[in-house]
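Visitor: Heads up: the protein sequence lines correspond to chains A and B, in order. The numbering of the first sequence is our numbering, which starts it at 337 and goes up by one. The numbering of the second sequence is our numbering, which starts it at 1430 and goes up by one. All C-beta atoms in this analysis are idealised placements derived from N, C-alpha and C, irrespective of residue type, glycine included. Source: prediction; values computed, not measured.
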Amino acid sequence: MSESALFEAQTRFVADLEETPLGTTDQVDESTPPGGLWLEAWRTLRRRPLFIISSVIILLLLAVALFPGVFATQDPTHCELQNSLAGSTAGHPFGFDQQGCDIYSRVIHGARASVSVGVLTTTITVLIGGVIGALAGFYGGWLDSVLARVTDIFFSVPLLLGAIVCMQAFPDKTVVVVALVLAVFGWPQVARIMRGSVISVRSAEYVTAATALGASRTKVLLRHVLPNAIPPVIVIATVSLGAFIGAEATLSFLGIGLNPATTVSWGGDINQAQNSLRSDPAVLLYPAAALTLTVLSFIMLGDAVREALDPKSRKR
Amino acid sequence: MGWYVGRRVLQMVPVFFGATFLVYALVFLLPGDPIAALGGNRTLAPGVIAQLRHQYHLDLPFFQQYLIYLKGIVTLNFGTSYSGLPVSEIMAQAFPVTIRLALLALLFEGIFGIGAGLIAGLRRGGFFDSTLLVVSLIVIAVPIFVIGFVVQIVFGVKFGWIKPTVGPEATWGELIVPAMVLGSISFAYVLRLTRDSVSENLSADWVRTATAKGMSRRKVVSTHVLRNSLIPVVTFLGADLGALMAGAIITEGIFNIPGVGHALYQAIIRGEGPTVVSIVTVLVLIYILTSLLVDLLYAFLDPRIRYV
């Protein structure tokens, strides 16, 4: 509380009863209904420029991923070698790549692969990591020890290293395969955060109260502990969605990610760009910019959500 | 402290077995026959296949194979690759290069990350601070292979300041720029970590006390703010050494550095199971060991950790 506010509160406190009717000092501010953590967070969020910018970009990205045909009329796989590395012309704002494909429509159609891998991987990691972390944190004891060691084992293989080794075993490199492989090495982070969060919530007074009132263990976990332990997981899920998109692009860039023959992806296009990079930087620039903007907006969204959900950082 | 060290080291034992098993299973249990792939387009004679399978213990039950491999790790005998080269020889050539690269990257992110983070943290909200925050956010978001390409094209090809690719010797000098690329993302993290930590410690009680008793600003910053702020940063840097070595595969590919990542990538493409398993195991063990050391270091630097 700032000094002037403190002073004001004190003067009001010592005012005569006749001057200040009891009603006004004791009144609860009812102009805005009291919201829970989520409503409070939403109110903070919608005023933050960081949140607005990043969510506009993400919504646009989702629209592009769902309906690429609306944004680009050209077929991304229709390529004519005579257009190889040609500059931008009418209807082809970004020019052509080495194979003579329209870069603009490849960038637009590449969004779907990235978004699908990101969303799918994040969903799987949150489900696996969330369940394991919550069980370990809530029940403790030997279950915690076992689950924590299993988490440590998977955590000790760095995401990209594990994924690179794993990918070679799958001849059919689809979006689902890439997402599963990334999820195998991505869930321990969620599990660790969920476990820590559940442990800190478990000893809260309302949890003790619920137990004292006779709620079953499962009900306490599902109704009282989980909803309050989820915020840090949402933050990490948002940030890692961007990270998984980056990882997918890296795999595709290395030539062991999504199959370039069947899936248009930014990472695959950047891989192709290596050959003609020195003569025409545009082939690298556009897919790389799309990728960067996507990852950046998820990081920014994560930052904004973290600040909104963490009352400690809201003060500043 | 003794108890804490003992408990942490004991916890590593199941992780060691689990991680080595995981790596081994990833390479050898997943579909794909490495021996059949050796022949390329031709099919090998059944006798040759049987002999090769026996030589690489592929005819044994999976668990027995794992035990042989485990014995190999403990005795530092990594076997031979399918092409007949001892795996330890491949690693002896590649590891020094990657260690040099990772150490340079660590040095870069440590010096510049902490330096810039300190200045930004001391002037929180200022122009320098805001600029650095935006720059670090972008650096985190740009994929490392794009940074690598741009650096290679701009400084290597256009301006000719550096050699675009690293020679077979991979000397310290040649590795400076690739190391900066490798360390760029961690540099941004170190910067943000230092900045947050410094600006938080600036308002700590002990800093106010130090200022109140008349200590100069310089002394307060160097002894009270910086030293306390460095605890999370030092632990981050320690844990990053393992991550940098494991993540060097991209940077080494772009700059053609004959390091571990390069060797690993070649081995994966050629289906060299024994080489892949050995390199990944060593990388994972380095990662496990550095995170153990960092945990112990953290407990040593910050006594509060030990009692949790």
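With a threshold of 8 angstroms on Cβ separation, who are the neighbours of Val1636(B) within its own chain once the five nearest residues in sequence on each side are excluded?
Guide: Within the second sequence, numbered from 1, the residue matching residue 1636(B) stands at position 207. Hits under 8 angstroms: Asn1630, Val1649, His1653, Val1654.
Visitor: Going by DSSP, what residue range makes up the alpha helix (DSSP H) through Arg559(A)?
Guide: Indexing the first sequence from 1 puts residue 559(A) at position 223. Looking at the DSSP string, Arg559(A) is not in any alpha helix (DSSP H), and its letter there is neither H nor E.
Visitor: Give the straight-line distance between the Cα atoms of Asp411(A) and Val455(A), rounded to the nearest whole angstrom.
Guide: By 1-based counting over the first sequence, the position of residue 411(A) is 75. By 1-based counting over the first sequence, the position of residue 455(A) is 119. Distance between the alpha carbons of Asp411(A) and Val455(A) is about 25 angstroms.
Visitor: Is the region 1706-1726 of chain B close to the region 1558-1566 of chain B, with three or more CB pairs under 8 angstroms?
Guide: no
Visitor: Who are the near neighbours of Asn1685(B) in its chain, counting only those whose CB is closer than 8 angstroms to its CB and skipping five residues on each side?
Guide: Reading the second sequence from its first residue, position 256 is the one you call residue 1685(B). Excluding sequence neighbours, Asn1685(B) sits near Thr1594, Val1595, His1691.
Visitor: So Val1452(B) and Val1713(B) are in contact, right, with Cβ under 8 angstroms, and what is the actual spacing, rounded?
Guide: Stepping through the second sequence from its first residue, residue 1452(B) is reached at position 23. Stepping through the second sequence from its first residue, residue 1713(B) is reached at position 284. About 6 angstroms; that satisfies the 8 angstroms criterion.
Visitor: Taking buried to mean at least 16 other C-beta atoms within 10 Å of its own C-beta, is Ala521(A) buried or exposed?
Guide: Here residue 521(A) refers to the residue found at position 185 of the first sequence. Reading the sequence as shown, one finds Phe at residue 521(A) and not Ala. So Phe521(A) counts as buried.
Visitor: Go through its chain and collect everything with a Cβ distance to His428(A)'s Cβ below 7 angstroms, but skip five positions before and after it.
Guide: Counting from one through the first sequence, the residue named residue 428(A) turns up at place 92. By the criterion of a C-beta distance shorter than 7 angstroms, His428(A) is surrounded in its chain by Asp438, Tyr440, once the five residues flanking it on both sides are discounted.
Visitor: When burial is assigned at 16 or more other CB atoms within 10 Å of the CB, is Glu1518(B) buried or exposed?
Guide: Against the second sequence, residue 1518(B) aligns to sequence position 89. Exposed is the call here.
Visitor: Between the region 569-586 of chain A and chain B, which residues of the former have a C-beta closer than 8 angstroms to a C-beta of the latter?
Guide: Gly578, Gly582, Ala585, Thr586
Visitor: In chain order, what residues of the same chain have a beta carbon less than 8 angstroms from the beta carbon of Ile389(A), not counting five sequence neighbours either side?
Guide: Taking the first sequence and counting its residues from 1, one reaches residue 389(A) at position 53. Ser633, Met636, listed in sequence order.
Visitor: Output, in sequence order along the chain, the residues in the region 499-514 of chain A whose CB is closer than 9 angstroms to any CB in chain B.
Guide: For the region 499-514 of chain A, the set of positions with a beta-carbon nearer than 9 angstroms to some beta-carbon of chain B reads Ile500, Val501, Cys502, Met503, Gln504, Ala505, Phe506, Pro507 in chain order.
Visitor: Closer than 8 angstroms is the cut-off here; do at least three beta carbon pairs connect the region 1490-1509 of chain B with the region 1569-1579 of chain B?
Guide: no
Visitor: Starting from the Cα of Ala1454(B), find the closest Cα among Pro1475(B), Tyr1495(B), Gly1435(B) and give me that residue.
Guide: In the second sequence, the residue the question calls residue 1454(B) occupies position 25. Considering only alpha carbons, the answer is Tyr1495(B).
Visitor: CA-CA distance, Tyr1433(B) and Ser536(A)?
Guide: Along the second sequence, one-based indexing puts residue 1433(B) at 4. Along the first sequence, one-based indexing puts residue 536(A) at 200. Taking the straight line joining both Cα atoms gives about 22 angstroms.
Visitor: Flag this pair as yes or no: are the beta carbons of Ser1565(B) and Arg1482(B) separated by less than 7 angstroms?
Guide: Numbered from 1 along the second sequence, position 136 holds the residue referred to as residue 1565(B). Numbered from 1 along the second sequence, position 53 holds the residue referred to as residue 1482(B). No, Cβ-Cβ distance for Ser1565(B) and Arg1482(B) is not below 7 angstroms.
Visitor: Assuming Ile566(A) is part of the alpha helix (DSSP H), what are its boundary residues?
Guide: By one-based count along the first sequence, residue 566(A) stands at place 230. Careful: Ile566(A) lies outside any alpha helix (DSSP H) and carries neither H nor E.
Visitor: Looking only at C-alpha atoms, which of Thr598(A), Asn611(A), Ala640(A), Leu645(A) sits nearest to His414(A)?
Guide: By 1-based counting over the first sequence, the position of residue 414(A) is 78. The shortest C-alpha separation from His414(A) is found at Thr598(A).
Visitor: For Ile1678(B), return the contacting residues in chain A, with the cut-off set at a CB-CB distance below 8 angstroms.
Guide: Your numbering for residue 1678(B) matches position 249 in the second sequence. Simply Leu496, Leu497, Ile500, Leu590.
Visitor: Could you say which of Ile500(A), Arg614(A), Val641(A) lies nearest to Phe1588(B) if we only look at CA atoms?
Guide: Here residue 1588(B) refers to the residue found at position 159 when the second sequence is read from its first residue. Of all alpha-carbon atoms in Ile500(A), Arg614(A), Val641(A), the one lying nearest the alpha-carbon of Phe1588(B) is that of Arg614(A).
Visitor: Which residue spans inside the region 1473-1549 of chain B form an unbroken alpha helix (DSSP H) run of at least 4?
Guide: Whole alpha helix (DSSP H) segments, 4+ residues: 1475-1484, 1491-1503.
Visitor: For a contact meaning CB atoms closer than 9 angstroms, what does Arg485(A) contact in chain B?
Guide: Taking the first sequence and counting its residues from 1, one reaches residue 485(A) at position 149. Result: Gln1440, Pro1443, Val1444, Gly1447.
Visitor: Hey, Leu1611(B) and Thr1680(B): beta-carbon distance below 7 angstroms or not?
Guide: Mapped onto the second sequence, residue 1611(B) falls at position 182. Mapped onto the second sequence, residue 1680(B) falls at position 251. Taking C-beta atoms as the reference points, Leu1611(B) and Thr1680(B) count as a pair closer than 7 angstroms.
Visitor: Can you grab the Cα-Cα spacing for the pair Phe1445(B) / Ser492(A), in whole Å?
Guide: Residue 1445(B) sits at position 16 when you count from the first residue of the second sequence. Residue 492(A) sits at position 156 when you count from the first residue of the first sequence. Those two C-alpha atoms are separated by around 9 angstroms.
Visitor: Report the CB separation of Gly1539(B) from Leu1666(B) in whole angstroms; it is logged as a contact under 8 angstroms.
Guide: Taking the second sequence and counting its residues from 1, the one referred to as residue 1539(B) is at position 110. Taking the second sequence and counting its residues from 1, the one referred to as residue 1666(B) is at position 237. That belief holds up - the Cβ atoms of Gly1539(B) and Leu1666(B) are roughly 6 angstroms apart, short of 8 angstroms.
Visitor: For Arg652(A), which three-state DSSP category applies?
Guide: Along the first sequence, read from residue 1 onward, the residue named residue 652(A) stands at position 316. Because Arg652(A) sits at a pLDDT of 40, beneath the cut-off of 50, its placement in the model cannot be relied upon, and the point is left open.
Visitor: Express the C-alpha separation of Gly578(A) and Arg382(A) in angstroms, rounding to a whole number.
Guide: On the first sequence, position 46 is the one that residue 382(A) refers to. On the first sequence, position 242 is the one that residue 578(A) refers to. So the two alpha carbons sit approximately 21 angstroms from each other.
Visitor: Sort out for me which residues DSSP pairs Thr425(A) with in a bridge.
Guide: Along the first sequence, read from residue 1 onward, the residue named residue 425(A) stands at position 89. Note: Thr425(A) sits in a beta bridge opposite His428(A).
Visitor: 7 angstroms is my cut-off, CB to CB: does Ile444(A) come that close to chain B?
Guide: On the first sequence, position 108 is the one that residue 444(A) refers to. No, because no Cβ of chain B sits closer than 7 angstroms to the Cβ of Ile444(A).
Visitor: Taking the CB atoms as reference points, tell me whether Thr461(A) and Val526(A) lie closer together than 7 angstroms.
Guide: Numbered from 1 along the first sequence, position 125 holds the residue referred to as residue 461(A). Numbered from 1 along the first sequence, position 190 holds the residue referred to as residue 526(A). Their beta carbons are under 7 angstroms apart, which means Thr461(A) touches Val526(A) by this criterion.
Visitor: Confirm, please, whether the CB-CB distance from Trp602(A) to Leu627(A) is below 7 angstroms.
Guide: Counting from 1 along the first sequence, the entry for residue 627(A) is found at position 291. Counting from 1 along the first sequence, the entry for residue 602(A) is found at position 266. Yes, Cβ-Cβ distance for Leu627(A) and Trp602(A) is below 7 angstroms.
Visitor: If you measure from the beta carbon of Ala546(A) to each beta carbon in chain B, is any gap under 7 angstroms?
Guide: If you number the first sequence from 1, residue 546(A) lands on position 210. Answer no: the Cβ-Cβ gap between Ala546(A) and chain B never drops below 7 angstroms.
Visitor: What does Asp1731(B) pair with, by DSSP beta-bridge criteria?
Guide: Along the second sequence, read from residue 1 onward, the residue named residue 1731(B) stands at position 302. Beta-bridge pairing links Asp1731(B) to no other residue.
Visitor: Can you look up Asp646(A) in the DSSP assignment and give me helix, strand or coil?
Guide: Along the first sequence, one-based indexing puts residue 646(A) at 310. Coil.
Visitor: Are any of the Cβ atoms in chain B nearer than 7 angstroms to that of Leu632(A)?
Guide: As a position in the first sequence, residue 632(A) is number 296, starting the count at 1. Flagged as an interface residue toward chain B: Leu632(A), by a C-beta distance shorter than 7 angstroms.
Visitor: Could you confirm whether any beta carbon from chain B is found closer than 7 angstroms to the beta carbon of Thr457(A)?
Guide: As a first step, residue 457(A) is located in the first sequence; it is residue number 121 there, counting from the start. It does not; no Cβ of chain B falls within 7 angstroms.
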